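The structure under discussion appears below in the form of structure tokens.
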Amino acid sequence: MDDVKTPSSEERKSALSGLGTSRKRVEDARFTQGKGNYVDDIKLKGMLFGDFVRSPLAHARVKNIDTSAALALPGVHAVLTADDLRPLGLHWMPTLAGDKQMVLADGKVLFQGQEVAFVVGDDRYAVADGVSMVKVEYDELPVVTDPFKAELKDAPILREDIADQKEGAHGARRHPNHIFTWEAGEKEETNKVIDEAEVVADEMVYYHRTHPCPLETCGCVASMDKVNGKLTVWGTFQAPHAVRTVASLISNIPEHNIRIISPDIGGGFGNKVGVYPGYICSIVASIVTGVPIKWVEDRMDNLMATAFARDYWMRGKISATKDGKITGLWCHTTADHGAFDACADPTKFPAGFMNICTGSYDIPVAYLAVDGVYTNKAPGGVAYRCSFRVTEASYFIERMIEVLALKLGIDSAELRSKNFIKKEQFPYTSALGWEYDSGDYHRAWDKALEAVNYRQLREDQKKQLQLFKDGKSRKLMGIGLSHFTEIVGAGPVKNCDILGLGMFDACEIRIHPTGSAIARLGTISQGQGHATTFAQILASEIGIPASDITLEEGDTDTAPYGLGTYGSRSTPVAGAATAMAGRKIRAKAQMIAAYLLEVHDDDVEWDVDRFSVKGAPEKFKTMKEIAFASYNQAIPGVEPGLEAVSYYDPPNMTYPNGAYVVVMEIDVDTGVSDIKKVYALDDCGTRINPMIIEGQVHGGLTEALAISMGQEIAYDEQGNVMTGTLMDFFIPTAWETPTYETDYTVTPSPHHPIGAKGVGESPNVGGVSAFSNAVHDAFKPFGLTQAHMPHDHWRVWKIAKDLGLHN
Amino acid sequence: MIPSAFKFYKPDNISKAVSLMKDFGEEARVIAGGHSLIPIMKQRLTDIKHLIDLSGIDEIKGINITGDEISIGAMTTQVELINNEELFQKAPIIREASLQIADPQVRNLGTIGGNVANGDPANDMPGLMQLLDATYKLSGTNGSREVKARDFYEGAYFTSREDDEILLSISFESPSGGYAYEKQKRKIGDYATAAAGVIIKVENNKCSSASIALTNLSDTPVYCNKAVDMIVGKEIDNDLLDRVTKTCVDQSDPVADQRGPVEFKKYVAGIVIKKALKRAIERV
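Line by line, the protein sequences are chains B and A. Per the numbering used here, the very first residue in the first sequence carries number 1; after that it's consecutive. Per the numbering used here, the very first residue in the second sequence carries number 808; after that it's consecutive.
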């Protein structure tokens, strides 16, 4: 043994593929070979299928549902309506936002695509025939699609079930179509500051309704085993444990008899957080028929009915001194929630974390009020690749900064720099009550402006403008800036819960005798690569190579309780739990090592993958040796085995941030934009896997591009969905996707065990503002202050037209 | 997204296909590439009891070129149109336009016959065939007949094809002169917001012949006969091109959709028509 050279610490460290390694994703082998196991891949013996009869109308009374022709079809087993669910109390279900939602139309329908009846049959074909044979008689009612008309005195009452309730889940309701008013900050003081300010910019900023549109739609397989009384549901669940608890509470099936399994999930983006009628109907149908039921929605169902995002009308006022120091921010938001308030926010936050809308700036006083209203549109309001309402907040402040810069006549890059929270101000308490953990905004901003050569860009832009004015070009150049601060990692149990479930998360680790391990978490990957990155966290914590650690999530019978994966919470919360569980393992390993090395516990020290005797590094026990010893040695005072579990309640949120720059050229005649540059600098604290971060940033930027440049859920005045297929709902292809330049700074989170902040959603939060600001910037010389997204060809064309550029 | 039940037939010659059409009348439809038909069947917007697949009929496949006479079988796929070098030599606009249809997966299955016979105003080939003054050969119970592409389209999804007729082939003469097919769309795979094709001959800066046609700017393709009359025999200058463009736009009649309102579409039509004119003239 003596002639074998002991590897250095660095060599041993690199063999672990721990923190900071661009480790290849372990998930990809199966995904790229078509070997993933998604809900629709699950086939059980005797399984039947279910699908919905959906409402073609946005608002109507349901006079009669005739199921006889459908039931007469061979292969159709059952047709459930609200009347069948009523005896079980399941014709309505609670929403995550404290409202309730019809599972199947109970006397009326409130949006196009609403679930009216559930047809169960032998296969998809029989079910589709059955759906087409259910005859529903409707009496049309007047439709409300404009949230500003919802509260008019003579507006049709949408939710007759709660029309007389003056008090909702979040306080007083002032109109039958009003859901809540939510306020933060200092109203009077803010008004006073704005009234007396030297400069005020006042603007309405609309963040339009869009949709997460994951590649895999929502679905489930419900299987009630009547012999042992156990219900198993495989489904597209971003929060399997929460689904189990909610399912138990509403069905009265004891929680230990419910097993929720999230298999591989093909993207979530917030779309798979909520509970949908399809899950309830499948469970009921399985209980009724005694066989497993599969329900998988199609693309049109998904776009039309399943959890939209955004739809915030944000009226803002921002005040400043003449030389550009911001003095106050006021915002009133009208939030269009659709027919039911089914936002997937922490329960105490009906407008999510919209009060992060002071952004990256040191704003002394601020006030925010959000009014939620009902309209005849699909419910939802989920956090589409962002923490709760954070893209809305970030878009709002980044537009307000731009309109303020216009008013002040100064460069918006300079205005931002002048108002950033300074490095030494962290931890910083914002005017709307959040405690920002860490940041170095000036460093990131300066790095970004230098990387893109901002001054040169402005020169190029001037030249292009001159060509345009001289009639030599019909193109304008726009430079879009954004600096964002996210608030992720929900969250501290003291203020974050969903239906009373604290938003902690958990990790459980078992070390096997031969020194490999399995770790289970309360989260569930939908493409984020948890099996890769959480193993890296552990590798660095417990000195076992990442490739020797299996990661398991999504089975409530085996995984520890956690609140799931959304709002960039996995790394901040479950990642912290993972590190903490690893530290427990290491603490026990230290005792075992000391025993084996015949020294006192305090006389050994950790060295990458081993404990060695202080001052005598040649005397050591590797984690592999320690693991085996834990299974075969009787160590006095130490239990056999090497396992740990950690439930982590984060002390604070984390605040990832970044600086993005987009450059585009816009043809004023066709409205076509050509994206020339996208630069994204992210500070997500400690970087676990740079390659995965880069992939996350590319993906998030592509969604940001989609949202800002064309993606929307549009309705006509009758409440018909106008964007129900991927022909009209914009998903960029490789062709439309530009090249991305990514960059970073590292400002670790001081309260997170490894300093990580989360990154998956940052590019969507920062990207939308940067793309939209580029469009606005191109038209700035002609007096444009605000034009609503999406900036698709015709809307950009209309900006040019309204500014007289077509004359 | 599951169609109602239908019977499927795959005849190996035209007479069998025609006889199936005759037997089943309105309940029958032929299927070529299926890109338009299958989605509407899945959405149950149409109820077809008998589906007759033409992909087994070899006599309506392939490209035949004799001198300047070009004949393309209805079941020739778009990818074949793109890859055929001889066709490219004789009628390069076909490749230029075909490459702007959808994406490679669609073009691998999509056929020229399905594209022209469906009567969808958003399809690119009908406008292109009007541009080329192509002739469609149809076969039905009462035998074969020929119809000019410029006379074939009656309204959205309505054509002069009888219910029992099947499109066999499309023929046209090799065009000479400059050419261009310009299309604005929202993304790869989308139909045109506005598209225009131009073929033009210019001698001594004077236009000696021209053809102009538009796609997705009315409920049928638009052959711009008034604009053609206006340009032929004239000296080409920018002012003339502006007037020709305006005349084309005046002949268009687009409808509003998610791509934008009518006013926008007409404006963009003007841009793509002018671009096509200029590029075609440059290529003379």
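C-beta atoms are modelled at their ideal positions from N, C-alpha and C, and glycine is treated no differently. These numbers were taken from a predicted model, which means no experiment stands behind them.
Integer-rounded CB distance, given that residue j should sit under 8 Å from residue i
| i | j | result |
| --- | --- | --- |
| R902 (chain A) | G985 (chain A) | No, R902 (chain A) and G985 (chain A) are not in contact; Cβ-Cβ is about 15 Å, not under 8 Å. |
| V662 (chain B) | V678 (chain B) | 5 Å |
| R12 (chain B) | V608 (chain B) | 5 Å |
| I585 (chain B) | I479 (chain B) | Incorrect: roughly 50 Å between the Cβ atoms, too far for contact. |
| K377 (chain B) | F111 (chain B) | 5 Å |
| A756 (chain B) | G685 (chain B) | 5 Å |
| A629 (chain B) | F611 (chain B) | The pair is not a contact, with the Cβ atoms about 11 Å apart (cut-off 8 Å). |
| F396 (chain B) | C331 (chain B) | 6 Å |
| A444 (chain B) | G766 (chain B) | Not quite, the Cβ-Cβ distance comes to about 11 Å (not below 8 Å), so this is no contact. |
For residue i, three-class secondary structure by DSSP
| i | result |
| --- | --- |
| V796 (chain B) | helix |
| F16 (chain B) | Residue identity check: residue 16 (chain B) is Leu in the sequence provided, not Phe. If DSSP states are grouped into helix, strand and coil, L16 (chain B) belongs with the helices. |
| K226 (chain B) | coil |
| E196 (chain B) | coil |
| M1 (chain B) | Confidence at M1 (chain B) is low in this model, with a pLDDT of 46, below 50, so its placement is unreliable and the value that follows should be read with caution. Reduced to three states, the DSSP call for M1 (chain B) is coil. |
| A128 (chain B) | helix |
| P94 (chain B) | strand |
| Y964 (chain A) | coil |
| P750 (chain B) | coil |
| K944 (chain A) | strand |
| T725 (chain B) | coil |
| L805 (chain B) | coil |
| D1046 (chain A) | helix |
| A904 (chain A) | helix |
Distance CB(residue i)-CB(residue j) smaller than 9 Å
| i | j | result |
| --- | --- | --- |
| A117 (chain B) | V76 (chain B) | no |
| L406 (chain B) | A201 (chain B) | yes |
| K418 (chain B) | K294 (chain B) | no |
| D682 (chain B) | V697 (chain B) | yes |
| G920 (chain A) | I872 (chain A) | no |
| T1022 (chain A) | A999 (chain A) | yes |
| K817 (chain A) | A835 (chain A) | no |
| V39 (chain B) | V246 (chain B) | no |
| D716 (chain B) | M709 (chain B) | no |
| D341 (chain B) | I179 (chain B) | yes |
| F353 (chain B) | R209 (chain B) | no |
| G758 (chain B) | S568 (chain B) | yes |
| G543 (chain B) | L19 (chain B) | no |
| T289 (chain B) | R315 (chain B) | no |
| Y374 (chain B) | E186 (chain B) | no |
| I675 (chain B) | A706 (chain B) | no |
| I973 (chain A) | A881 (chain A) | yes |
| A704 (chain B) | D743 (chain B) | no |
| R244 (chain B) | S769 (chain B) | no |
| K624 (chain B) | G515 (chain B) | yes |
| P292 (chain B) | S248 (chain B) | no |
| I401 (chain B) | Y361 (chain B) | yes |
Beta-bridge pairing of residue i - partner residues as DSSP gives them
| i | result |
| --- | --- |
| T827 (chain B) | As displayed, chain B neither begins before 1 nor continues past 807, which places residue 827 (chain B) out of reach and without an answer. |
| Q590 (chain B) | The partner list for Q590 (chain B) (beta bridge, DSSP) is empty, contrary to what the question assumes. |
| E209 (chain B) | Here residue 209 (chain B) turns out to be Arg, not Glu, going by the sequence shown. B:R310. |
| Y38 (chain B) | Beta-bridge pairing links Y38 (chain B) to no other residue. |
| I65 (chain B) | B:V136 |
| C1014 (chain A) | A:V1009 |
| T1052 (chain A) | None, per the DSSP bridge assignment. |
| M102 (chain B) | B:W92 |
Residue i: contacting residues in chain D (beta-carbon distance under 7 Å)
| i | result |
| --- | --- |
| V1075 (chain A) | No chain D appears in the structure shown, which is made up of the protein chains B and A. |
Continuous beta strand (DSSP E) assignments of at least 3 residues falling wholly in the stretch 811-888 of chain A
814-816, 835-838, 857-860, 870-873, 876-880
Within the stretch 632-668 of chain B, ranges of the alpha helix (DSSP H) (whole runs, at least 4 residues) = none
Run through the stretch 281-331 of chain B for me and flag every whole beta strand (DSSP E) of 3 or more residues, listed as ranges in chain order. 293-296, 308-320
Give the list of continuous alpha helix (DSSP H) stretches no shorter than 4 residues that lie fully inside the stretch 479-561 of chain B. 530-542
**Study point:** Ranges of the beta strand (DSSP E) found wholly within the stretch 333-376 of chain B, counting only runs of at least 3
**Key:** 365-373
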